[in-house]
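Chains as they are written, first to last, in our numbering: chain A, 1123 to 1354; chain B, 1123 to 1354. All C-beta atoms in this analysis are idealised placements derived from N, C-alpha and C, irrespective of residue type, glycine included. Computed from a prediction, not measured in an experiment: that's the story for all the values here.
Protein chains: 2
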Amino acid sequence: MAASPHPKKDLPQLAPRPVPGRRVRAGRVERNAEQSKSRILEAALEIFAAGGFGGARVDEIALKAGVSKNLIYHYFGNKESLYVAVLEKSLNALAEYHDSLPVHFDDPEEAMRQIIRNTFDYFVATPKIISLMNTENLLRAKYIKSSDLIRSIYKPIMERFHRIIEFGSQKSVFRSDIDEVDLYISISALSYFYLSNQWTLSHIFKRNLGDAPFLAQRKEHIVAMVMSYLKP
Amino acid sequence: MAASPHPKKDLPQLAPRPVPGRRVRAGRVERNAEQSKSRILEAALEIFAAGGFGGARVDEIALKAGVSKNLIYHYFGNKESLYVAVLEKSLNALAEYHDSLPVHFDDPEEAMRQIIRNTFDYFVATPKIISLMNTENLLRAKYIKSSDLIRSIYKPIMERFHRIIEFGSQKSVFRSDIDEVDLYISISALSYFYLSNQWTLSHIFKRNLGDAPFLAQRKEHIVAMVMSYLKP
DNA sequence: ATCGATTTATTGACTAGTTAGTCTATAACG
DNA sequence: CGTTATAGACTAACTAGTCAATAAATCGAT
């Protein structure tokens, strides 16, 4: 705080300071609450994904969404709640995607290949969810921990996964000592890390890992690695 | 550290605002440039790892390092350069670690197991480098790209890796169609992702993945998966 | 239908608190 | 004595969040 020790009373209005109560409005403003909310969430996803929670600026989100910053506070209260809303929307999209997939319960090997390829494809299609997850892990799952959403999303996924492994073991096309959690983490890891760290890896290996041929090669490499592990 | 050992000039004691040019110093200040720099780097590593580049506060780094903020600017110029210095120090530590490891060139399978376990162990031992890499990838390798350090570090690592794979293929203990980059990324992925995302994963699977027994199990799971893939 | 009252979507202006970075002084050390 | 390691005070710009105004939509009663 600099000079003025006094609370400003009546300041001499040398500059054309707008008088409260006589504001100028830009003209007719369409009102569409749902669309505004959704535009805010979309912009917020982008900004949070690009700079993490700490690097995101609410002003920037407002700008990108094409709404005033106030509207964000009107709908979401504060930055943290906005972040949580973005996270939950992304997780719900993930759940929807996995629900929409057909599962080959009669053929465990084919089912497993499908799961692997779908996991890879989804991460490729939604890179922002990767950034969000990274941000969330940087904060040690601070926000995810306080919600049961992610568990409820993974429950059916893991149940299907369990049935496939069980059937495959019964049929002796899979080994019998599988830890399902470890295996699921590995399937995710092989896709996620490649994409999440593609920027540093591309520089190190002088390959643009995001190029379609490398993506295709990678996907089949993952399938091969996991399937070779599963063999009894 | 209360009383100044030096002759004070007349300070106007009623006005608590210090007059420029007649500052009060806390007392004798030890000078140790190297130690100060190193304390700054250590504190910066911690703060950058905890909140990412955007979430880190230079004031907080100064506080944690026990130096004035000015000293940081004196030695490192600005926040970005400090971040780059932290990154380079971490990469150098990684290189040193890998240089220090013995390699079993005569036994490719054992050499590969060693590489896998060492990779895992190093990530476990230095969680902050994982956060740094995540931050760097969030920024699309902005800083790493402008330095050749990381490539020069990975060059000998990949050369050793190549020799092992080549020898293993010759001896027919490894398959012959290995893409070394893909394989290296997979080995890293299986360790890195488990640790990097342990906070969300631990919550999803209701297991504390950081606990020693799970870490040990994970390491051997990775060894098993990679080795089964390598079999011809 | 229509008109006034109420609700609510939306914004401009503002503020208190931060934050990266600077200016200047000082003292330790060779 | 000159160099430099170190810190205190300061600032301009930024940033999350607030206040108060305004107008579009909605609803209830004519």
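Query	Result
Would you report the Cα separation of residue 1241 of chain A and residue 1283 of chain A, rounded to the nearest angstrom?	12 Å
Rounded to whole angstroms, what is the Cα-Cα separation between residue 1145 of chain B and residue 1190 of chain B?	The pLDDT assigned to residue 1145 of chain B is 42, lower than 50, so where the model puts this residue is not dependable; a value taken from the coordinates is nonetheless given after this. Their backbone Cα atoms lie some 15 Å apart in a straight line.
Give the secondary structure of residue 1227 of chain A by DSSP, where H, G and I count as helix, E and B as strand, and everything else as coil.	coil
How many Å lie between residue 1264 of chain B and residue 1326 of chain B at the Cα?	32 Å
Per DSSP, what kind of secondary structure is residue 1340 of chain A in: helix, strand or coil?	helix
Check the Cβ-Cβ distances between residue 1322 of chain A and every residue of chain B, and say whether any is below 9 Å.	yes
State buried or exposed for residue 1436 of chain A, treating a residue as buried only when at least 16 other CB atoms are found within 10 Å of its CB.	A query on residue 1436 of chain A cannot be resolved here, the shown segment of chain A reaching from 1123 to 1354 and no further.
Skipping 5 residues on each side, what residues in its chain have a beta carbon closer than 7 Å to that of residue 1296 of chain B?	1230, 1287, 1290, 1352 and 1354
Would you mind reading off the limits of the alpha helix (DSSP H) that contains residue 1265 of chain B?	Per DSSP, residue 1265 of chain B belongs to no alpha helix (DSSP H) and is neither H nor E.
Beta carbons nearer than 8 Å to chain A: which residues of the segment 1334 to 1345 of chain B have them?	1339, 1340, 1343 and 1344
In chain order, what residues of the same chain lie with their CB nearer than 7 Å to the CB of residue 1279 of chain B, ignoring the 5 residues before and after it?	1220
So with Cβ pairs under 9 Å, would you call residue 1194 of chain A a contact of chain B?	no
Pick from B/1346, B/1260, B/1246 and B/1344: whose alpha carbon is nearest that of residue 1333 of chain B?	B/1246
Identify the contact partners of residue 1272 of chain A in chain B, using a Cβ-Cβ distance below 9 Å as the criterion.	1322, 1325 and 1326
To the nearest angstrom, how far is the alpha carbon of residue 1237 of chain B from that of residue 1171 of chain A?	33 Å
Output, in chain order, the set of chain A residues within a Cβ distance shorter than 7 Å of residue 1255 of chain B.	1319 and 1322
Taking all protein chains shown into account, decide if residue 1293 of chain B is buried (16 or more other Cβ within 10 angstroms of its Cβ) or exposed.	exposed
Relative to chain A, which residues along the segment 1260 to 1292 of chain B have a C-beta separation below 7 Å, given in chain order?	1260, 1262, 1263, 1266, 1267, 1272, 1273 and 1276
Are three or more beta carbon pairs between the segment 1269 to 1279 of chain B and the segment 1328 to 1345 of chain B nearer than 8 Å?	no
Using CA coordinates, which residue listed in A/1208, A/1155, A/1225 and A/1345 is at the minimum distance from residue 1163 of chain A?	A/1208
Who are the near neighbours of residue 1345 of chain B in its chain, counting only those whose CB is closer than 6 Å to its CB and skipping five residues on each side?	1235 and 1238
What does the alpha-carbon distance come out to for the pair residue 1213 of chain A and residue 1311 of chain A?	18 Å
For residue 1225 of chain B and residue 1233 of chain B, I'd like the C-alpha separation in whole angstroms.	6 Å
Whole angstroms are fine: how far does the CA of residue 1270 of chain A sit from the CA of residue 1341 of chain B?	29 Å
Quick check on the burial criterion: 16 or more other C-beta atoms within 10 angstroms. Buried or exposed for residue 1175 of chain A?	buried
So what does DSSP say about residue 1147 of chain B, is it helix, strand or coil?	Summary for residue 1147 of chain B: the model assigns pLDDT 46, below 50, so the residue's position carries little reliability; its value from the coordinates is reported in the next sentence. Coil at residue 1147 of chain B, not helix or strand.
Output yes or no for whether 9 Å exceeds the beta carbon distance between residue 1315 of chain B and residue 1315 of chain A.	yes
Hey, does residue 1350 of chain B have any beta-carbon neighbour from chain A nearer than 9 Å?	yes
So is residue 1347 of chain B in contact with chain A if we call contact Cβ pairs under 9 Å?	yes
Looking at residue 1318 of chain B: is its Cβ nearer than 9 Å to the Cβ of residue 1252 of chain B?	yes
If we count the other Cβ atoms within 10 Å of its Cβ and call it buried at 16 or more, is residue 1173 of chain A buried or exposed?	buried
Could you list the residues in the segment 1205 to 1234 of chain A with a C-beta less than 9 Å from some C-beta on chain B, going in chain order?	none
Tell me whether residue 1228 of chain B is buried or exposed, calling it buried when 16 or more other Cβ atoms sit within 10 Å of its Cβ.	exposed
Please check if any C-beta of chain A sits within less than 9 Å of the C-beta of residue 1137 of chain B.	Note that residue 1137 of chain B has pLDDT 33, beneath the 50 cutoff, so the model's placement of it is unreliable and no number is given.
In the structure shown, what three-state DSSP assignment does residue 1243 of chain A receive?	helix
CA-CA distance, residue 1250 of chain B and residue 1339 of chain B?	22 Å
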